[in-house]
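What follows is a single structure, written as C-alpha cells, with notes after it.
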Amino acid sequence: MSHTLAEKILQAHTDEEITRAGQIVNCRVSLVLANDITAPLAIKSFKAMGAKQVFDRDRIALVCDHFTPNKDIASAEQVKVVREFAREQGVTHYYEGGNVGVEHALLPELGLVGPRDIVVGADSHTCTYGGLGAFATGMGSTDIAGAMALGETWFKAPPTIRVEFDGQLEPFVGGKDLILHVIGRIGVSGALYRALEFCGPVIDALSIEGRMTMANMAIEAGGKAGLFPADAKTLAYCQAHGRTGDKALKADPGAVYEQELSLSVAGMGPQVACPHLPDNVRGVDELKGLKVDQAIIGSCTNGRIEDLREAANILRGRKAHKDVRLIILPATPRIWRQAMDEGLFGIFMDAGAVVGPPTCGPCLGGHMGILAGGERAIATTNRNFRGRMGSLESEVYLSNPAVAAASAVAGEIINPAKL
Amino acid sequence: MLVTGKAHKVGAHIDTDAIIPARFLVSTDPVELGANCMEGLTPGWVKRVEKNDIMVAEENFGCGSSREHAPIALLGAGIPVVVARSFARIFYRNGFNMGLVLLEVGDDVAKLKDGDRLEVDTEAGRIRNLTTGEVVQCNKVPAFMQELLDAGGLVPYVKKRLAEKQ
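Chains A and B, in that order, give the protein sequences. Quick note: the first sequence, position 395, residue 395 per this note's numbering, numbers continuous. Quick note: the second sequence, position 95, residue 95 per this note's numbering, numbers continuous.
Structure follows, in C-alpha cells:
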C-alpha cells in the first residue's frame, strides 16, 4: 500500500498493518516531552498509574520553559516537582536554568528529534518537529504519563491534506507567511483530526528553520501534525546537530490524500493574523497605520537565529518608535550566544530593544511582556486568542520577524519593504 | 449515568485560554482551576454554573493548547458533560482521560439553546431537551475509545498494561 508521510512514519513504529485513515494503532514512541506547566499533572497521573520507572530515561525530555525563570512562588513549586521527578527517575534530558530553551527550538538543536521519529509532547506545539520529518503531536498530560510509562501510545491514523507551494517568494516573505496563508485559507478547524503535508519547489528551497515555523503552526489549523519530507537539507541539519543514521523520507507515489491544495506564492506579501483567531489573516498592507504598543520577537515559532537575523536586518541603524516596547527573546542559550557573537545584540540595544532570556514568557501571557487593557501587540508568536498575552481587552497581531521589527520602528503595522 | 442540568451555550472555537487562562496554570487543583473556569471568556462566568450543568458549544471546542487543566477546570466547576458540534483533537483525548463526558452532535447542536434544561444519558450518548422535548443523539465513539472508557479511563488502562508487562 502507498503511504502518506504520516502513515509511513506511524507504520515504522507499529507491528499492525496500517491500511486506512481512521485506523487506530498502537505505536512505539521515540521521545516523550513535557514542560513546567504540563509535567506536574503528568507526574501526578504517572504515579496514579502505579508506574515506578519511566520506560527509557534517555527518551524523556522535561523542559521548564514556560514560566521560567520562575515568575512567582507557585511556578517555582511546579518546577520543583518536575526537578525532583527528573532526579528520582534519572531523566537524562532535564532542562532548566542556563540549559533551558523554548522546548521546540531546544530539542532539534540538541539532536533529540529527527526524521521518522514519533514524538509526543504535553504541549500543543510539539508538531514543530514535523519540519524535520518526524510525526510529532501534542497530547495532554495523562496521555503523556501513559507514554512515559509504556513507551507507546495510540493514534488514529489521520487523513492527510497535501499542500503544494509553487512560485518564488517575495522579499520579507517566509515560512511564517506561508503557514498563516494556509491557516487563513482553511480556517482554525480546517485540518481538524488531519495531518498537513507540505511540498513543492517553495518548500524544497525553504530553510529547516522556516519549515519548523510552518510545522509549528499546523495545530493552529487544528492539525494533528504538519509534515515535511526529509531531504538533503534535513539530513545536513540533523548531522550538524549530532545525529547519525538518519535517512531521507518522502511520501509514496500514489499515496491517498483527502484533499490536495495547490497554492502559488507569486506576488504574495507578508501575512498578518488579526485578533482574535489565527485564521483571521490579511496582507500586511491592509493593516497599515494600525498603532502598536509592543512588539515581541521570539517563541517556538520564530525565536531561532534566522529569525533574529531577519529582525536585525530591519533594525540595523534604526530605533524602535518611542511609544513601542520592543522585546526580543532568543529561544535557546545556543541561539542567544550565537546572536551575541554575531553582534545582533548591539543592533538590538541600539534600537532600544529589551533582550530577555529564553522563555515562552509573553507568548501565553505568562510573564515578561504582559499587555494592559486597550494595548495592541505585534508578535512573532503563534496564537492571538482573546487575552492570550494579557488583558482580555488587549489585541495580538501575528507576523513574521521582519514585519514585527519594522512595525516596532514605525510604531504601527507596516510592510518592511515600505519602511 | 443520567445528568440533568441547565445548558450554558458558547460559540465556535472556544480555545483553552478562554477555558482556563495561563495565569491560573500554576495549580493542578480541580477546585482552584474550577473557580476560574471560563475566566478567559467572561470574568466571573463560573458564578452562573450549578453542579451538573451542561456546557453546549459550537464547532472546535477546546482548540489551542494541550493543557489538561481545561477539562479539569470544567469538572472542577461542576460541569460533567460538554455537548458540541465538534471538538478540537487534543481536548477530545484529554476529556476522555479526565472523565469529562464529551458528546459530539454535529448540526443538532442548534436544537440546544442557552438556558434549556437538558437530561443527558451518558452511556447512550442521548440528550433530551426537557425545555423543548427534542432528543439529540451523539455520534458514535470509536470502538477503542469505548474500550478505554469501559476500562475506567487511561489511568486504569495503563495500570493494567504495566501489570501485564511485569
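Just so you know, even glycine gets a beta-carbon here, dropped at the ideal spot from N, CA and C.
query	result
Could you check the C-alpha separation between B:M55 and B:V81 for me, to the nearest Å?	6 Å
Residues of chain A with a CB under 9 Å from the CB of B:M98: which are they?	G140, T142
From A:A232 to A:A331, what does the alpha carbon distance come to, in whole angstroms?	25 Å
Leaving out five residues before and five after A:I413 in sequence, what residues of the same chain have Cβ atoms less than 7 Å from its Cβ?	V272, V284, L287, K288, L290, V292, I378, Y397, S407
Where A:S75 and A:A48 are concerned, what is the direct C-alpha to C-alpha distance, given to the nearest angstrom?	22 Å
Does A:E77 come within less than 9 Å of chain B when only Cβ atoms are used?	yes
Between which two residues does the beta strand (DSSP E) holding A:M49 run?	Run containing A:M49: none; DSSP gives neither H nor E here.
Nearest CA to the CA of A:A410: which residue from A:R318, A:L277, A:E77, A:F345?	A:R318
Please determine, among A:S141, A:G343, A:R334, the residue with the shortest C-alpha to C-alpha distance to B:N94.	A:S141
Whose C-alpha, out of A:D117, A:G346, A:R376, A:T160, is nearest the C-alpha of A:I12?	Checking the sequence, you will find Ala at residue 12 of chain A rather than Ile. It is A:D117.
Taking contact to mean 3 or more Cβ pairs, one atom from each stretch, closer than 8 Å, check whether the region 48-62 of chain A and the region 78-92 of chain A are in contact.	yes
Examine the Cβ distances between the region 29-43 of chain A and the region 118-129 of chain A and report whether three or more of them are shorter than 8 Å.	yes
Report the three-state DSSP secondary structure of A:E412 (helix, strand or coil).	strand
With DSSP as the reference, identify every bridge partner of B:A7, one or two as the case may be.	B:I54
Starting from A:F155, follow the beta strand (DSSP E) in both directions and report where the run begins and ends.	152-156
Closer than 9 Å, CB to CB, is A:G397 near chain B or not?	Looking at the sequence itself, residue 397 of chain A is Tyr, so the reference to Gly does not match. Answer no: the Cβ-Cβ gap between A:Y397 and chain B never drops below 9 Å.
Does DSSP put A:G167 in a helix, a strand or coil?	coil
If distances are taken between C-alpha atoms only, which option among A:C360, A:I327, A:P362 comes closest to A:F441?	Limits of chain A in this structure are 1 at one end and 419 at the other, which puts residue 441 of chain A out of reach.
How would you list, in chain order, the residues of chain A whose beta-carbon sits under 9 Å from the beta-carbon of B:N36?	Per Cβ cutoff of 9 Å: no residues; B:N36 is ~12 Å from chain A at best.
Going by DSSP, what residue range makes up the alpha helix (DSSP H) through A:C238?	232-240
So that I know if they touch, is there some Cβ in chain D lying closer than 9 Å to that of A:A351?	Going by chain labels, chain D is absent from the structure shown, which instead holds the protein chains A and B.
Tell me the rounded alpha-carbon separation between B:N139 and B:V105.	6 Å
State yes or no: is the beta carbon of B:P21 nearer than 9 Å to at least one beta carbon in chain A?	yes
By DSSP's criteria, A:H93 is part of a beta bridge. Which residues make up the other side?	A:A61
Measure the alpha-carbon distance for B:S66 versus A:L5 and round it to whole angstroms.	23 Å
Go to B:Q137, then tell me how far its beta strand (DSSP E) extends in each direction, as first and last residue.	135-137
Would you list the residues sitting across from A:L371 in a DSSP beta bridge?	A:G390
With 9 Å set as the bound, which would you pick, yes or no: does the beta-carbon of B:L112 sit closer than that to a beta-carbon of chain A?	no
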